[in-house]
Amino acid sequence: MFGYSNLLNKRLARSLWGTKLRLSAVLGMIFVGVFAGITFGGYSVNLGPMYESIYEDTDSGSNLADIWIDNESSIWSSDQVQSLCSEIEASWPDGAQPLDQCEGRIVMNGAMFHMTDTGQNVINSVWHGIPHDSDVDKPWFPDGHSQGMPAEAEDEIVIDEHVREALSLSLQDVVTIGVGEGSMNFTIVGFAYHQLHIYMAPEGSLLPPESGEVVVGYLSSSGMERLAGLPQGSANTIVLDISGTPSFDLSDTCLLYTSSEPTRPERIADGGVWLEKKGGGGGGGGGGGG
Numbered sequence: 053m054f055g056y057s058n059l060l061n062k063r064l065a066r067s068l069w070g071t072k073l074r075l076s077a078v079l080g081m082i083f084v085g086v087f088a089g090i091t092f093g094g095y096s097v098n099l100g101p102m103y104e105s106i107y108e109d110t111d112s113g114s115n116l117a118d119i120w121i122d123n124e125s126s127i128w129s130s131d132q133v134q135s136l137c138s139e140i141e142a143s144w145p146d147g148a149q150p151l152d153q154c155e156g157r158i159v160m161n162g163a164m165f166h167m168t169d170t171g172q173n174v175i176n177s178v179w180h181g182i183p184h185d186s187d188v189d190k191p192w193f194p195d196g197h198s199q200g201m202p203a204e205a206e207d208e209i210v211i212d213e214h215v216r217e218a219l220s221l222s223l224q225d226v227v228t229i230g231v232g233e234g235s236m237n238f239t240i241v242g243f244a245y246h247q248l249h250i251y252m253a254p255e256g257s258l259l260p261p262e263s264g265e266v267v268v269g270y271l272s273s274s275g276m277e278r279l280a281g282l283p284q285g286s287a288n289t290i291v292l293d294i295s296g297t298p299s300f301d302l303s304d305t306c307l308l309y310t311s312s313e314p315t316r317p318e319r320i321a322d323g324g325v326w327l328e329k330k331g332g333g334g335g336g337g338g339g340g341g342g
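Note that the working numbering has the sequence shown beginning at 53, numbered continuously upward.
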């Protein structure tokens, strides 16, 4: 009986070896399926709480904006920002969730001048000017995964946590950053995340850069105005926050609005908006957070 079992095992081995290509394909598909299941399971478990924090309108949440209006061609003055917000509020649809906040921001591409043992490296960067007391689209400081506090003074900055280790940065380090041809020194007061940069990839790129190849920083409004050399209240982005916490499912967000008017949104739907501005003195586009 023992010899007969050995004979069957040898025949089975020869049969499998003869179909080794198909066997390898089946084993490979099983491995990929198991790996994908584990990966997406972990992704789902971690993503739920993260989204809740990003959308939560509390002191611990980031309160992702519901609408962005980007001006890629010019800078709005403080009076223009106030006029735009007043016009948006006046044209807000009856019966829709009330508009809770309309706020101007400066967001600009720039550079960080980072010193290493081999000399100075110029790193492509994105700088956000965010009021320290803002309740919308603010830096996210998750417990155990962030440090410090939001930037308040005009010489303070929060650096995105994604690059802290790669660039060997610490709290109270002084970094040199610039927009255009000028540069200034800022003191690091925090390391945090931002809902617009959770996936650290430059605009137009599908693949993330190596850690430390792109830097994102969050300054106070006064600090961003100082860096860019702009008057107080200037903005090239307007963020709108709708009362409540809308659903973040992609199926709830619709492509909705296109207009040749540079300033006035004609229609804003409940539950999610994609606002695209074209023509005149207008800017680029924005996406709905809800």
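Where is the CB? At the ideal position from N, CA and C, for every residue including glycine.
query: Opening and closing residue of the alpha helix (DSSP H) in which R278 lies; result: S273 to A280
query: DSSP three-state assignment for E313, whether helix, strand or coil; result: Residue placement at E313 is flagged as unreliable, the pLDDT there being 43, under the threshold of 50; a coordinate-derived value is accordingly withheld.
query: Buried versus exposed call for K190 [16 or more other C-beta atoms within 10 Å across all chains shown]; result: buried
query: DSSP three-state assignment for V84, whether helix, strand or coil; result: helix
query: Beta carbon of S274 nearer than 7 Å to that of E206; result: yes
query: Collapsed DSSP secondary structure at N58 in the structure displayed; result: helix
query: DSSP three-state assignment for H353, whether helix, strand or coil; result: Residue 353 is absent from the model: the chain starts at 53 and stops at 342.
query: M276 versus I211 - alpha carbon distance; result: 14 Å
query: Pairwise C-alpha distance: I182 and V241; result: 14 Å
query: Of the residues G147, H166, T168 and S126, the one placed nearest R157, counting alpha carbons only; result: S126
query: Outcome for F87 when other beta-carbon atoms lying within 10 angstroms are tallied against a minimum of 16; result: exposed
query: Continuous beta strand (DSSP E) stretch holding A244: start and end; result: G234 to A244
query: Among L221, V291, E233 and V215, the one whose alpha carbon lies nearest that of P260; result: V215
query: Between the CA atoms of R74 and R66 - distance to the nearest angstrom; result: 14 Å
query: Neighbourhood of Y186 by C-beta distance below 7 Å, restricted to the same chain and skipping five residues each side; result: Just to set this straight, residue 186 is Ser in the shown sequence, not Tyr. E155.
query: Heavy atom of the ligand NAP within 6 Å of H246 beta-carbon; result: Inclusion of the ligand NAP in the displayed structure is not the case, the ligand content being empty and no account of it being possible.
query: Reduced DSSP secondary structure (H/G/I, E/B, other) of Q204; result: Gln is not the amino acid found at residue 204; the sequence shown has Glu there. DSSP places E204 in coil when its eight states are reduced to three.
query: Cβ-Cβ separation, V291 to A117 (assumed contact under 8 Å), whole Å; result: 4 Å
query: Continuous beta strand (DSSP E) stretch holding D293: start and end; result: T289 to I294
query: Element boundaries [beta strand (DSSP E), containing L151]; result: L151 to T168
query: Nearest to P283 (by Cα), restricted to the options D131, N61, H184 and A218; result: D131
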